[in-house]
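Add 176 to the 1-based position in the sequence shown for our numbering, that's all there is to it.
Here is the structure we will look at.
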Amino acid sequence: MNFILILIGVLLNAVAQLVLKKGMSIIGTVQVDIASITEMILKASTNLYIYLGLLCYVLSFVVWLMVLSRTEVSYAYPFLSIGYVIAAFVGYFYFGESMTLYKVGGIALICFGVFLLYRS
């Protein structure tokens with residue numbers, strides 16, 4: 177059951193990132209100045225994707241608290257790296273981001289590391 181909760185938390189966290197990315201792709205690039213940040217906040221306050229991403233974050237936080245109450249952080253925390261794998265593939269297939277040989281190699285290393293942790 178702990179492993180299932182970990183995966184649910186990781187998936188919710190990854191979905192939150194991806195939905196927020198979608199919301200921000202609608203809002204556009206934000207410069208680092210007060211006017212741009214204010215405009216971004218106003219646009220984000222009416223963007224359904226931003227709200228959905230925040231909801232996924234809240235749910236992932238609640239699930240993660242449950243995970244931390246049941247298992248060692250040294251076991252659970254490395255599984256968060258699965259989110260990187262999910263984000264890389266969704267980024268490639270949905271957002272048209274690049275997938276280089278280095279990224280594939282990094283993903284393979286992450287998967288192998290998570291496998292070793294799961295087996296320990």
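A virtual CB, placed ideally from N, CA and C, is assigned to each residue, including glycine.
At the C-beta level, LEU181 and VAL266 stay beyond 9 Å of one another.
With respect to LEU188, PHE255 sits apart: the two C-beta atoms are not nearer than 9 Å.
Rounded to whole angstroms, TYR260 and ILE217 show a C-alpha spacing of 26 Å.
Nearest C-alpha to LEU196 among TYR225, ASP209, LEU231 and ARG295: TYR225.
The beta carbon of VAL191 lies closer than 6 Å to those of CYS232 in the same chain, with the five residues before and after it left out. The shortest C-alpha to C-alpha distance from SER257 to any of ILE286, LEU194, PHE237 and TYR294 is the one to ILE286. Between the C-alpha atoms of GLY281 and ILE213 there is a straight-line separation of about 36 Å.
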